[in-house]
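Counting in my numbering, the sequence shown runs from 278 upward without gaps.
Every residue gets a Cβ at the ideal spot worked out from N, C-alpha and C, and that includes glycine.
To start, the structure under review is shown below, and the notes come after it.
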Amino acid sequence: MTNQTSFTICIDSNFIVRLLVGYYEETIYLEMWNKWCNANTKIVAPDLINYEVTNVLWRLNKTNQINYTQAQIALTESFNLGIELYSNSELHQDALAIAEKFQLSAAYDVHYLALAEKMQIDFYTCDKKLFNSVQQNFPRIKLVIANSS
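This is the structure:
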């Protein structure tokens, strides 16, 4: 039996945190993740994702939304998701160009978009602001928001 990849997608840190932290009670993230896993979907992200997940978990801990042990567990689980990480100077150059073109306030999140565009794959994000800023020019960006968000 072969474990062939059917397709590839890019996801951001916001999606991962919502997937792993029980603080978010919506199941859409788990349902989507399970669907992708069942379809042998290859999931990619810039290596920036690990830094961002760590930071979001720390902020949730500092604001008493999760405790430190929950943050540690979620961080460890994030490393075990099998996300293929990418980093190279071209990705940073592409992210900088996208941030400049759309006059975005930061260039962190456009790394995901730059990777998705380079690989010609869909990019799933929970970031409404980024989505609204670039959706007209990047039809592969997909907004994932739970009904209560």
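Quick one: is residue 362 buried, meaning 16 or more other Cβ sit within 10 Å of its Cβ, or exposed? exposed
Beta-carbon separation (whole angstroms), residue 399 vs residue 286, contact threshold 8 Å: 5 Å
Beta carbon of residue 317 nearer than 8 Å to that of residue 283: yes
For residue 402, write down the residues that DSSP places opposite it in a beta bridge. 420
Quick check on DSSP: helix, strand or coil for residue 220? The structure shown does not extend to residue 220, since the chain spans only 278 to 426, so no value can be given for it.
Per-residue burial, residue 290 [other beta carbons within 10 Å of its own, 16 or more giving buried]: buried
Applying the criterion that 16 or more other CB atoms from any shown protein chain within 10 Å of the CB defines a buried residue, is residue 351 buried or exposed? buried
What does DSSP give as the partner residues of residue 298 in its beta bridges? According to DSSP, which records beta bridges pairwise, residue 298 is partnered with nothing at all.
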